[in-house]
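First up is the structure itself, then whatever we jot down about it.
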Amino acid sequence: MRFTLNGTFRRIDAHPLKRLLDVLREDCALTGTKEGCGEGECGACTVLVDGAPVNSCLVPIAQINGARVTTIEGLRGRHPLQHAFVEHGGAQCGICTPGMILAAVALGKKPTLDQMKVGLAGNLCRCTGYSAIYRSIDAVTSTARRNRGDRKDREARSGSRTKKPRTRAGVTR
Amino acid sequence: MIGSLSHRTLLQPRSLTDALKMLRDEGPLVPLAGCTDLYVSLNFGTLKGTRFLNLWGLAGLKDISVRGDVLSIGALATHTDLIRSPLVQKRIPMLAAAAREVGGVQIQNRGTLGGNVANASPAGDTLPVLAAADAVVVLRSAAETRRVPFTTFYTGYRQSVRRLDELIVGFEIPAIHGRQWFRKVGTRAAQAISKVVIAGVAPAGRAGSVRVALGSVAPTVVRATRTEAALAGGATIGDAQRTLLEEIAPIDDIRSTSEYRRRVAANLLARFWADAHRK
Ligand SMILES: Cc1cc2nc3c(=O)[nH]c(=O)nc-3n(C[C@H](O)[C@H](O)[C@H](O)COP(=O)(O)OP(=O)(O)OC[C@H]3O[C@@H](n4cnc5c(N)ncnc54)[C@H](O)[C@@H]3O)c2cc1C
Ligand code: FES
Ligand code: FES
Chain S
114 MRFTLNGTFR RIDAHPLKRL LDVLREDCAL TGTKEGCGEG ECGACTVLVD
164 GAPVNSCLVP IAQINGARVT TIEGLRGRHP LQHAFVEHGG AQCGICTPGM
214 ILAAVALGKK PTLDQMKVGL AGNLCRCTGY SAIYRSIDAV TSTARRNRGD
264 RKDREARSGS RTKKPRTRAG VTR
Chain F
17 MIGSLSHRTL LQPRSLTDAL KMLRDEGPLV PLAGCTDLYV SLNFGTLKGT
67 RFLNLWGLAG LKDISVRGDV LSIGALATHT DLIRSPLVQK RIPMLAAAAR
117 EVGGVQIQNR GTLGGNVANA SPAGDTLPVL AAADAVVVLR SAAETRRVPF
167 TTFYTGYRQS VRRLDELIVG FEIPAIHGRQ WFRKVGTRAA QAISKVVIAG
217 VAPAGRAGSV RVALGSVAPT VVRATRTEAA LAGGATIGDA QRTLLEEIAP
267 IDDIRSTSEY RRRVAANLLA RFWADAHRK
């Protein structure tokens with residue numbers, strides 16, 4: 114089986130029906146991808162295949178031959194979402210976090226609260242109550258906007274760095 | 017994973033022709049599409065098959081196209097493909113609506129229309145849509161192609177007319193006149209199997225005829241033809257609801273009760289008919 118894993122070409126000699134989840138954890142020694150339920154319900158095992166989130170517990174490795182797979186390790190700890198989840202309490206126990214972040218990556222640049230809820234509906238979290246997760250994602254969007262150097266936007270936000278982005282998507286009331 | 021792999025094999029056809037020959041010569045084989053149903057059973061240790069046929073990636077089986085007045089949807093089109101397809105949005109928006117309510121994005125990215133139909137769960141969300149759309153199931157074996165009206169595809173609980181040497185290759189959907197309507201009632205908006213799911217078509221002006229189909233209320237999807245006739249004939253909604261309750265036979269199970277399903281089905285029919293007459 115050949116595929117691109119986090120930007121690197123890989124050849125894996127495994128049973129073609131082996132779950133992508135097990136190949137990642139056992140054959141590739143990448144244990145960032147978690148198993149929660151093993152039945153497609155929780156999203157803890159989410160990875161990106163050709164950019165699209167899938168549950169790696171439901172994917173036989175034969176079906177990713179030639180594909181591009183991104184796991185949480187592929188974000189190299191440097192993705193803005195990873196920092197935002199730390200900063201805004203988007204991660205507590207952390208079991209859902211790798212899958213949650215990858216599903217959030219697939220939301221694109223400026224998701225609305227509704228888009229976040231729909232896009233993350235397949236990712237369960239037992240700790241955060243979700244608000245902190247939505248806030249974390251929203252913070253990245255707002256940071257991106259600040260970094261584009263819209264001065265007015267920046268001035269409007271200074272002093273209310275954490276509050277402003279929250280109200281934009283109406284996450285907290 | 018609980019289910020062991022050592023005694024299982026996977027056949028990897030390069031083309032549809034290849035796949036159909038394998039089914040004929042090396043069967044019985046269990047086809048694998050997006051695996052969102054199959055791998056749940058595999059992980060549970062309840063999957064019976066030992067020999068599998070990989071359909072994922074078979075070129076051509078994902079196509080969505082229009083020929084003449086008929087929309088053709090390949091069996092391997094995923095729920096995400098259905099949601100995004102302008103042809104589906106335009107010609108059969110109730111199918112896009114159903115696909116949007118299947119699982120979460122991870123399931124939509126992998127689960128296919130062919131898998132939803134072949135899996136034959138009475139709760140499959142696309143099933144009432146295909147029934148109300150007068151869809152045709154296209155089955156192919158090495159020897160022949162058969163076109164079966166969707167409303168005669170299932171023969172009983174999880175049983176269909178598909179033979180072991182056949183694959184579902186796609187669906188043909190004739191033009192639908194009138195207003196389409198879809199509702200799913202489940203425990204939560206996403207990731208939940210339906211307690212009741214309904215698709216309807218209401219005539220708009222002189223175009224189209226009344227169509228009503230429901231899932232999760234009988235061993236197979238139900239096309240409620242007597243209810244349709246009642247509505248078309250000008251019956252009161254109360255009478256139409258009573259007719260509907262004679263056409264469905266829901267059960268008590270872990271997701272819901274028969275009584276609840278009957279109430280919800282009747283309410284959904286009233287909502288459908290009210291919405292159909294809203295300007
Ligand atoms: C968490 C979760 C949530 C879900 N939510 C929903 C939901 O809300 N609504 C809903 O309807 N379903 C839901 N499902 C079920 C499933 O996702 C759908 O039924 C999906 O469409 C199945 O497609 P698949 O390609 O993954 O099928 P597979 O798992 O690959 O196959 C299913 C069955 O169909 C057979 N098969 C597949 N393709 C063909 C073909 N072309 N010809 C002949 N046989 C074939 C297989 O052999 C197998 O028996 C959910 C599943 C999970 C795990
Ligand atoms: S472990 Fe894959 S969805 Fe829960
Ligand atoms: S942080 Fe614990 S499950 Fe989400």
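For the protein sequence lines, the chains are S and F, in the order given.
With this note's numbering, the residue at position 49 of the first sequence is 162, and numbering never jumps.
With this note's numbering, the residue at position 78 of the second sequence is 94, and numbering never jumps.
Virtual Cβ for every residue (Gly too), placed ideally from N, Cα, C.
* Asked: Who's in the neighbourhood of ligand 4, going by beta-carbon under 5 angstroms from any heavy atom, listed in chain order?
  -> In terms of ligand content, the structure shown lacks ligand 4 and carries ligand 1, ligand 2 and ligand 3 instead.
* List the residues of chain F whose Cβ lies closer than 8 angstroms to the Cβ of P129/S, in chain order. => Taking a Cβ-Cβ threshold of 8 angstroms, the residues of chain F close to P129/S are L26, Q28, N70, in chain order.
* With a cut-off of 8 angstroms, does the C-beta of G61/F fall near any C-beta of chain S? -> Not one beta carbon of chain S lies nearer than 8 angstroms to the beta carbon of G61/F.
* Asked: Quick one: is the Cβ of Q176/S within less than 7 angstroms of any heavy atom of ligand 1?
  -> The answer is no for Q176/S.
* Where L45/F and E182/F are concerned, what is the direct C-alpha to C-alpha distance, given to the nearest angstrom? -> Distance between the alpha carbons of L45/F and E182/F: 10 angstroms.
* **Neighbour-count burial assignment, R126/F, 16 or more Cβ in a 10 Å radius** => So R126/F counts as buried.
* Asked: Which residues in the same chain as A35/F place their Cβ atom closer than 7 angstroms to its Cβ, once the five residues preceding and following it in sequence are excluded?
  -> Correct list, in chain order: P29, L69, L71, L74, L183.
* Could you work out which residues of chain B lie near T52/F, taking near to mean beta carbons separated by less than 7 angstroms? => Here the protein chains are S and F, and chain B is not one of them.
* To do: Hey, could you find the ends of the alpha helix (DSSP H) L25/F is sitting in?
  => Checking the sequence shown, residue 25/F turns out to be Thr, not Leu. Secondary structure note for T25/F: it is in no alpha helix (DSSP H), and the uninterrupted beta strand (DSSP E) holding it is 25-27.
* Beta-carbon proximity check, G235/S vs G119/F, cutoff 8 angstroms -> Their beta carbons are under 8 angstroms apart, which means G235/S touches G119/F by this criterion.
* To do: Below 9 angstroms between beta carbons is the criterion; list the residues of the stretch 221-251 of chain S that meet it against any residue of chain F, in chain order.
  => Answer in chain order: K230, V231, G232, L233, A234, G235, N236, L237.
* Closest residue to G172/F among V152/F, Q122/F, V237/F (Cα-Cα distance) -> When only C-alpha atoms are compared, the closest one is V237/F.
* Applying a beta-carbon distance threshold of less than 8 angstroms, which residues of chain S neighbour V56/F? -> Chain S residues near V56/F: E152, G153, L171.
* Say yes only if the C-beta of G151/S is nearer than 7 angstroms to one or more non-hydrogen atoms of ligand 2, and no if none qualify. => Under cutoff, so the answer is yes.
* Who does R83/F pair with in a DSSP beta bridge? -> Answer by DSSP bridge pairing, in chain order: V86/F.
* **Test: L285/F CB closer than 8 angstroms to a CB of chain S** => Not one chain S Cβ lies under 8 angstroms of L285/F.
* Asked: Listing by chain order, which chain F residues have their CB less than 8 angstroms from the CB of K159/S?
  -> The question names Lys, but residue 159/S in the sequence shown is Thr. Chain F residues near T159/S: Q122.
* **Segment contact, 8 angstroms Cβ cut-off, at least three pairs: the stretch 192-204 of chain F with the stretch 154-171 of chain F** => They do not touch, by the three-pair rule.
* Could you round the C-beta distance between E330/F and A240/F to whole angstroms and report it? I think they count as a contact, below 8 angstroms. => Outside the displayed span of chain F (17 to 295) sits residue 330/F, for which this structure offers no information.
* So the beta strand (DSSP E) G186/F belongs to, where does it begin and stop? -> Looking at the DSSP string, the run of the beta strand (DSSP E) that includes G186/F is 183-189.
* To do: Check whether the Cβ of G283/S lies closer than 8 angstroms to any Cβ atom in chain F.
  => Its pLDDT being 37, under 50, G283/S is placed unreliably by the model, and the measurement read from it follows with that caveat. Interface criterion not met: the Cβ of G283/S is under 8 angstroms from no Cβ in chain F.
* CB of V237/F to nearest heavy atom of ligand 1: below 7 angstroms? -> V237/F: no, Cβ never under 7 angstroms from ligand 1.
* In the DSSP assignment, what are the bridge partners of Q257/F? -> None, per the DSSP bridge assignment.
* Which residues of chain F have a Cβ atom closer than 9 angstroms to the Cβ of P166/S, listed in chain order? -> Within 9 angstroms of the CB of P166/S, the CB atoms of chain F belong to G120, V121, Q122, N125, in sequence order along the chain.
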